[in-house]
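Participant:
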Amino acid sequence: MDMKFKTTKEYKKIKRDFIFWNLCFAFYYFWILILSIGFCVCFILFLNVGYMFDILMSFFFLIVLVFSLSFLIIVHIEQVKEFRVTVLKKQLLPLEIINNGVLGKGTMLRPVRRGDDKIE
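Following numbering that gives the first Met the number 0, the numbering of the sequence shown begins with 0 at its first residue and continues without gaps.
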């Protein structure tokens with residue numbers, strides 16, 4: 000693989016974007032954590048007082064937060080996979096050029112050893 004790619008401006012731009020999106024996801028995870036704690040506290044307080052509408056609204060918002068958290072996790076996993084695939088493709092590109100564009104078609108860079116030169 001081309002390790003020189005990790006020092007290029009293109010890689011640094013991809014990495015900077017990746018770090019930015021990870022910070023955004025961390026902010027959203029933290030925000031969901033704070034909101035869920037708040038809604039749990041409200042749920043418990045409203046149970047003691049007995050406001051049925053407020054109890055249902057707190058419970059509804061907790062359910063919405065759980066669903067939004069699951070979608071956020073799925074999107075975050077997709078973003079990490081996309082970054083890894085992009086970096087891997089950029090690293091394998093010089094190998095494909097060296098191999099005349101046949102990388103990934105079942106050919107190998109070194110020939111396969113045959114059985115007649117085995118040491119017994």
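Just so you know, even glycine gets a beta-carbon here, dropped at the ideal spot from N, CA and C.
Let's test the definition: count the other Cβ atoms within 10 Å of the Cβ of Arg15 and tell me whether it reaches 16, buried, or not, exposed.
Facilitator: With fewer than 16 Cβ atoms within 10 Å of its Cβ, Arg15 is classed as exposed.
Participant: Near Phe45, what residues of its chain come up, given a Cβ to Cβ distance below 7 Å and the 5 sequence neighbours on each side ignored?
Facilitator: Around Phe45: Asp53, Ile54, Ser57.
Participant: Do the stretch 19 to 33 and the stretch 71 to 79 make contact, defined as three or more Cβ pairs closer than 8 Å?
Facilitator: The answer is yes - the stretch 71 to 79 touches the stretch 19 to 33, with three or more Cβ pairs under 8 Å.
Participant: Looking at Ile18 and Thr85, is the spacing between their C-beta atoms short of 8 Å?
Facilitator: No, these two residues do not count as a Cβ contact at 8 Å.
Participant: Expressed to the nearest angstrom, what Euclidean distance is found between the alpha-carbon atoms of Ser35 and Val79?
Facilitator: Cα-Cα distance, rounded: 25 Å.
Participant: For Lys88 and Lys8, what's the separation of their Cα atoms in angstroms?
Facilitator: Distance between the alpha carbons of Lys88 and Lys8: 16 Å.
Participant: Do you know whose CA, among Tyr27, Tyr10, Trp20, lies nearest Ser67's CA?
Facilitator: Closest by alpha carbon: Tyr27.
Participant: For Asn21 and Leu64, I'd like the C-alpha separation in whole angstroms.
Facilitator: In a straight line, the C-alpha of Asn21 is about 19 Å away from that of Leu64.
Participant: Alpha carbon to alpha carbon, what distance is there between Tyr10 and Glu81?
Facilitator: Taking the straight line joining both Cα atoms gives about 14 Å.
Participant: Nearest-angstrom Cα distance between Tyr50 and Phe42?
Facilitator: Going from the Cα of Tyr50 to the Cα of Phe42 covers about 10 Å.
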